[in-house]
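Below you'll find the structure, written out as structure tokens, and then a few comments.
Numbering (the numbering used here), first residue to last: 5 to 311.
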């Protein structure tokens, strides 16, 4: 795919510390149509619409949702009021929640609290405007169901570019090396997540859009890092089971600084972004901890070792 047809629109959240270079929408414009990936929360829809208009976008053919979490999809209904011709594509399990988002909104408030309030309430999407398609119109985009980060996660491929959402986790720019971490809120199931990432590796994309954050090449390197981190972190959670609460979180954090060459680059992040990542680190630990506790002693013992 010609990357000149692609643009990143940052959706920074000034009301939230460290929420910069974190949330973004991706705009594609070509002879085969115009589509937008992950319009973000309600709070930044005015900024997104203004940027689309500034770029001369008068029509959106399709809005692609990698998943329905509030920071990716919360503003979709509001965006449709500005671009009513657009059709929304998302995982089949997400459709009903976007049409009637009250449960999704209440869940967001419960998990995220003030962060969800800063994002803004989720606006319903008309039922006739949303659905799932594997082959999406004339755009040449193909959708893949990739549960792992969330049950309702999907990836989208156009040519040699993969819009990966959070299938490989989260990345932040650093001066040296790569900073990445898994994104595994409850309910996380390791074999499901590994299957999804393996299927994306099998596509052999050249470039990868990571929802949080950025376009990276070569895609396979980042997908493989994400895969290894899933296994490594689960192993680490199993090895630090003896601790509880904040002591366990700190023990696991120190274990990762020693064992994960990519996560240890968290120390390069600016203080506000570091603070943001420590919060989400806790969410990832909770998802993995629930998974590890669901395993038998025999299953925990069979987890891969890492030297």
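Heads up, the beta-carbon is just placed ideally off N, CA and C, and yes, glycines get one too.
Asked: Could you tell me whether the region 137-147 touches the region 43-50, where touching means 3 or more Cβ pairs closer than 8 Å?; Found: no
Asked: Who are the Cβ neighbours of residue 215 in its own chain at under 7 Å, not counting the five residues just before and after it?; Found: 42, 70, 76, 169 and 170
Asked: Do the region 151-168 and the region 184-204 meet, that is, are 3 or more Cβ pairs less than 8 Å apart?; Found: yes
Asked: Where DSSP assigns a beta bridge to residue 259, which residues make up the other side?; Found: Note: residue 259 sits in no beta bridge, so no partner.
Asked: Just how far apart, CA to CA, sit residue 257 and residue 19?; Found: 27 Å
Asked: Report the rounded CA-to-CA distance for residue 114 versus residue 35, giving the unit in angstroms.; Found: 43 Å
Asked: I'd like to check one pair, residue 204 with residue 227: are the Cβ atoms closer than 8 Å?; Found: yes
Asked: Output the distance between the C-alpha atoms of residue 284 and residue 189, rounded to the nearest integer angstrom.; Found: 9 Å
Asked: Which whole-angstrom value describes the C-beta separation of residue 90 and residue 67, a residue pair presumed to lie in contact below a C-beta threshold of 8 Å?; Found: 5 Å
Asked: Considering residue 161, what are the terminal residues of the beta strand (DSSP E) in which it resides?; Found: 158-162
Asked: Candidates 185, 224 and 98: which alpha carbon is nearest residue 137's?; Found: 98
Asked: Quick one: what's got a C-beta closer than 8 Å to residue 286's C-beta in the same chain, skipping five residues either side?; Found: 253
Asked: Hey, which unbroken runs of the alpha helix (DSSP H) at 4 residues or more fall wholly within the region 58-93?; Found: 74-77 and 80-86
Asked: Could you please give me the residues that DSSP links to residue 109 through a beta bridge?; Found: Note: residue 109 sits in no beta bridge, so no partner.
Asked: Here's the rule: buried if 16 or more other CB atoms are within 10 angstroms of the residue's CB, otherwise exposed. What is residue 309?; Found: exposed
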